[in-house]
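Asks: Chains as they are written, first to last, in my numbering: chain P, 1 to 201; chain A, 1001 to 1201.
Heads up, the beta-carbon is just placed ideally off N, CA and C, and yes, glycines get one too.
Number of protein chains: 2
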Amino acid sequence: MTEIRGGGAAAVHLRRGQAVRLVNTHGTQVVDTWCLAADDTSEYLSVEHTRRMLGRLFPRQGDGLYSNRRNILLRIEFDSSDCRHDMLVACCDRWLYAFYGCPPGHANCHDNFIEALAQHGVRPKHVPSPVNLWMNVPVADNERIELLAPESKPGDAVLLRAVVDCYVIFSACPMDITPVNGEDRTPRPVHYEIVDQIESA
Amino acid sequence: MTEIRGGGAAAVHLRRGQAVRLVNTHGTQVVDTWCLAADDTSEYLSVEHTRRMLGRLFPRQGDGLYSNRRNILLRIEFDSSDCRHDMLVACCDRWLYAFYGCPPGHANCHDNFIEALAQHGVRPKHVPSPVNLWMNVPVADNERIELLAPESKPGDAVLLRAVVDCYVIFSACPMDITPVNGEDRTPRPVHYEIVDQIESA
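1. Taking A:L1065 and A:I1145 to be in contact with their CB atoms under 8 Å, please state how far apart those CB atoms are, rounded to whole angstroms.
2. Based on DSSP bridge pairs, tell me the residues matched to P:A78.
3. Does A:P1174 get closer than 8 Å to chain P when you measure Cβ to Cβ?
4. Closest by CA to A:N1132, which one among A:V1030, A:P1174, A:A1009, A:A1010?
5. Identify the contact partners of A:A1140 in chain P, using a Cβ-Cβ distance below 8 Å as the criterion.
6. In chain order, what residues of the region 82–94 of chain P put their CB closer than 7 Å to some CB of chain A?
7. Name the chain A residues whose beta carbon is nearer than 7 Å to that of P:R52?
8. CA-CA distance, P:W95 and P:L147?
9. Could you give the distance in angstroms between the alpha-carbon of A:N1136 and the alpha-carbon of P:W34?
10. Measuring CA to CA, which of P:G55, P:H26, P:N68 is closest to A:V1127?
11. Are at least three pairs of beta-carbons, each pair with one atom in the region 48–62 of chain P and one in the region 99–112 of chain P, less than 8 Å apart?
12. Would you verify that the beta carbon of P:H49 is, or is not, closer than 8 Å to some beta carbon of chain A?
13. Quick check on A:W1095: does DSSP put it in helix, strand or coil?
14. Does the separation of the CB atoms of A:L1014 and A:F1170 fall below 8 Å?
15. Contact between the region 67–85 of chain P and the region 1157–1165 of chain A: three or more CB pairs below 8 Å?
16. Beta-carbon of P:L36 versus every beta-carbon of chain A: anything under 8 Å?
17. Among all the DSSP beta bridges, which residues are the ones paired with P:N24?
18. Which residues in chain P sit within 8 Å of A:G1055, going by Cβ to Cβ distance?
19. Quick one: residues in its chain with C-beta nearer than 6 Å to the C-beta of P:K153, no 5 flanking neighbours on either side, listed in chain order?
20. Is P:L217 close to chain A, meaning its C-beta is less than 8 Å from at least one C-beta of that chain?
21. Against P:R70, what residues of chain D qualify as contacts under a CB-to-CB distance less than 7 Å, listed in chain order?
22. Does any residue of chain A bring its CB to less than 8 Å from the CB of P:P189?
23. Between the Cα of P:R56 and those of A:P1138, A:G1007, A:D1111, A:D1032, spot the shortest distance and give me the residue it belongs to.
24. Whose Cβ in chain A lies nearer than 7 Å to the Cβ of P:H126?
25. From the DSSP output, read off the bridge partner residues of P:G64.
26. Within 8 Å of any Cβ in chain P, is that where the Cβ of A:F1113 sits?
27. Look at P:L117 and P:A38 and say whether their C-beta atoms are less than 8 Å apart.
28. Since I believe A:E1183 is in contact with A:A1149 (beta carbons under 8 Å), could you give me their beta-carbon distance rounded to a whole number of angstroms?
29. Contact criterion: CB-CB distance below 8 Å. Does A:S1171 meet it with respect to chain P?
30. Should A:C1083 and A:E1151 be called a contact, given that it needs their Cβ atoms to be closer than 8 Å?
31. Considering only the beta carbon of each residue, do A:G1017 and A:P1187 sit closer than 8 Å?
32. Please state the DSSP three-state secondary structure of A:C1109.
33. Answer yes or no: does any C-beta atom of chain P fall closer than 8 Å to that of A:S1080?
34. Does the Cβ of P:A201 have 16 or more other Cβ atoms within 10 Å, making it buried, or fewer, making it exposed?
35. Please list the terminal residues of the continuous beta strand (DSSP E) segment that includes A:T1050.
36. What does the alpha-carbon distance come out to for the pair A:D1111 and P:S129?
As C-alpha cells, this is what we get:
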C-alpha cells in the first residue's frame, strides 16, 4: 500500500467503478477527504448537499456522497470503524493555526488539498468543506459540537467506490493543537491502495 | 423598506459599521443569506468555519459569522425570533428541483445568489453554503435532520452588522415543494433596510 505521512496528502485519480481503500494504520489519524468529478472539477463532493440528501449529519457504510449538483460521486462501500466521520467543520488552514498563535508555515489541510491536486494539474476554484474521516466531532443537545480524540482503532479501513471518474484527495491532518489526532496530538501515517474489482466486503 | 418578492433576491453593499435589518414580514419566509468581503470576494461567510469557531450548529444573537479565513464578516446584533437559523443544508438549486421532478426553469437560491451579485458586477467563483435565516431544520438524536415549517412570527427581524466592507445577499427562498416556507408552501415577500447608526436593540 502507499503511505501518506502524518501531516501529508495525496490525490488519486479513480475511474468509474474503481475504489480506494484507506487504512487508519495507527487508528488515531483523521483524514480530510475531498472528491472532484474528473470531467468537470467544478463539481465537487459537497457535505452540505450530502447532509440534505441523507437527512443525517454523519455518513455511514452504504451511503452515497453527493456533489454540489446532487449527483453521487462516491459511495462508502465498506467501513470497519463504526464511528463518526465528521462533515461539520472546515479543514484546518493557515488562518486557524494563526488563530492558535502558531508561527507561519504550519502544514495544513487547506494547502495540502491544493498541492495534492496540483500534482495532477488541477487547480480548484475554492477549497470545499471535506468529509473528515474518523474525526470525532459529536453533537450534544442537538446543537453543541466538540472536537475529541478519535474512537477509531488501528487498522480501521474505509472503502470508497467511484461512481464517476474522479479525483479523491486525502490529507492526513497535521493538527497538533487539538486532540483530534489523539491525546498525544501527533499526526501519524495512513495507507491507501486502489482496488479495481468489486469486493464482497 | 425595500421589498424582496417571494422567490426573489437582492444584494446590498455595506460599509464597515453599517447594518442591514431584514424583516420576515409574513413570518413564514426562509431567507438564504450570504456575505462576501468587498475588497476580495474570494473571502466569504463560511458556515463550516462559523460552526467550528462558535462550537454550535446554529447561530444566535450576538454571534459573529466567520469567513473562510476565520475573520468575522458580520455580527448578528439583534434577533427577535428566538428560533433556529439553519447552517446545515445547501441552498436550493436547479438540480434539487430536477430531483423533485419539476420542469426546468424553477427559481432557485443558487441562481438568485449569482444574479443578485451580477447587479454589482461581482462574479463569485462558487456558491457557498448560506445561513438560512428562519429555516427550521432541527437536529434529532444528535444526528438526524428534518425540514419543517418555520417557527418564526410575522414581523420577526434580524439586524446584521458589517464588521468589514461587504456584500450581503438575500434570497427569499422559492421552495414550494417542502414546507420550509410554511405548510401552504408559498414563498412570500420580505423587507430590508440599511441602517447607518449603531442601535440599542
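Replies: The structure says:
1. The sequence position of residue 1065 of chain A within the second sequence is 65, counting from 1. The sequence position of residue 1145 of chain A within the second sequence is 145, counting from 1. Actually they do not touch by this definition, with Cβ atoms about 20 Å apart.
2. In the first sequence, the residue the question calls residue 78 of chain P occupies position 78. The sequence shown places Phe at residue 78 of chain P, not Ala. P:F78 pairs with P:L159.
3. Here residue 1174 of chain A refers to the residue found at position 174 of the second sequence. With 8 Å as the cut-off, A:P1174 does not count as an interface residue toward chain P.
4. Locating residue 1132 of chain A in the second sequence gives position 132, where the first residue counts as 1. For the residues A:V1030, A:P1174, A:A1009, A:A1010, the minimum Cα distance to A:N1132 belongs to A:V1030.
5. Within the second sequence, residue 1140 of chain A is the residue found at index 140, counting from 1. Under the 8 Å cutoff, chain P gives N142.
6. L88, V89, A90
7. Taking the first sequence and counting its residues from 1, the one referred to as residue 52 of chain P is at position 52. The contacting residues are V1089, A1090.
8. Locating residue 95 of chain P in the first sequence gives position 95, counting from the first residue. Locating residue 147 of chain P in the first sequence gives position 147, counting from the first residue. Those two C-alpha atoms are separated by around 18 Å.
9. Here residue 1136 of chain A refers to the residue found at position 136 of the second sequence. Here residue 34 of chain P refers to the residue found at position 34 of the first sequence. The alpha-carbon atoms of A:N1136 and P:W34 are separated by roughly 28 Å.
10. In the second sequence, residue 1127 of chain A corresponds to position 127, counting from 1. Checking every option, the nearest Cα to that of A:V1127 belongs to P:N68.
11. no
12. As a position in the first sequence, residue 49 of chain P is number 49, starting the count at 1. At least one chain A Cβ lies under 8 Å of P:H49.
13. Walking along the second sequence from the start, residue 1095 of chain A turns up at place 95. Helix at A:W1095.
14. Locating residue 1014 of chain A in the second sequence gives position 14, where the first residue counts as 1. Locating residue 1170 of chain A in the second sequence gives position 170, where the first residue counts as 1. No.
15. no
16. Along the first sequence, one-based indexing puts residue 36 of chain P at 36. So, not an interface residue.
17. The residue given as residue 24 of chain P occupies position 24 in the first sequence. According to DSSP, P:N24 bridges with P:D156.
18. For the purposes of this step, residue 1055 of chain A is taken as the residue at position 55 of the second sequence. Going along chain P in sequence order, the residues near A:G1055 (Cβ under 8 Å) are R144, I145, E146.
19. Translated into the one-based positions of the first sequence, residue 153 of chain P becomes position 153. If we look at P:K153 and ignore the five residues flanking it on each side, its Cβ neighbours are G27.
20. Nothing about residue 217 of chain P can be reported from this structure: the residues present for chain P run from 1 to 201 only.
21. Considering every chain present, this structure includes no chain D. Its protein chains are P and A.
22. Taking the first residue of the first sequence as 1, we reach residue 189 of chain P at position 189. Not an interface residue.
23. Here the question's residue 56 of chain P lines up with position 56 in the first sequence. Comparing Cα positions, the closest option is A:P1138.
24. As a working note, residue 126 of chain P is residue 126 in the first sequence. K1125, H1126, listed in chain order.
25. Taking the first residue of the first sequence as 1, we reach residue 64 of chain P at position 64. P:R75.
26. In the second sequence, residue 1113 of chain A corresponds to position 113, counting from 1. A:F1113 does not count as touching chain P.
27. Along the first sequence, read from residue 1 onward, the residue named residue 117 of chain P stands at position 117. Along the first sequence, read from residue 1 onward, the residue named residue 38 of chain P stands at position 38. No.
28. Residue 1149 of chain A sits at position 149 when you count from the first residue of the second sequence. Residue 1183 of chain A sits at position 183 when you count from the first residue of the second sequence. Right, their Cβ atoms sit about 5 Å apart.
29. Looking up residue 1171 of chain A in the second sequence gives position 171. No - not a single Cβ of chain P is within 8 Å of the one on A:S1171.
30. Mapped onto the second sequence, residue 1083 of chain A falls at position 83. Mapped onto the second sequence, residue 1151 of chain A falls at position 151. Yes, the pair counts as a contact, with Cβ atoms nearer than the cut-off.
31. Here the question's residue 1017 of chain A lines up with position 17 in the second sequence. Here the question's residue 1187 of chain A lines up with position 187 in the second sequence. Not a contact, by the Cβ cut-off of 8 Å.
32. Counted from its first residue, the second sequence places residue 1109 of chain A at position 109. Looking at A:C1109 - three-state DSSP - the assignment turns out to be helix.
33. As a first step, residue 1080 of chain A is located in the second sequence; it is residue number 80 there, counting from the start. No, A:S1080 does not count as interfacial toward chain P.
34. By one-based count along the first sequence, residue 201 of chain P stands at place 201. Because the pLDDT at P:A201 is just 45, under 50, the model does not fix this residue reliably, and the value given afterwards should be weighed accordingly. Exposed: under 16 other Cβ atoms inside 10 Å.
35. Here residue 1050 of chain A refers to the residue found at position 50 of the second sequence. From DSSP, A:T1050 is part of no beta strand (DSSP E) but of the alpha helix (DSSP H) over 1047–1054.
36. As a first step, residue 1111 of chain A is located in the second sequence; it is residue number 111 there, counting from the start. As a first step, residue 129 of chain P is located in the first sequence; it is residue number 129 there, counting from the start. Distance between the alpha carbons of A:D1111 and P:S129 is about 21 Å.
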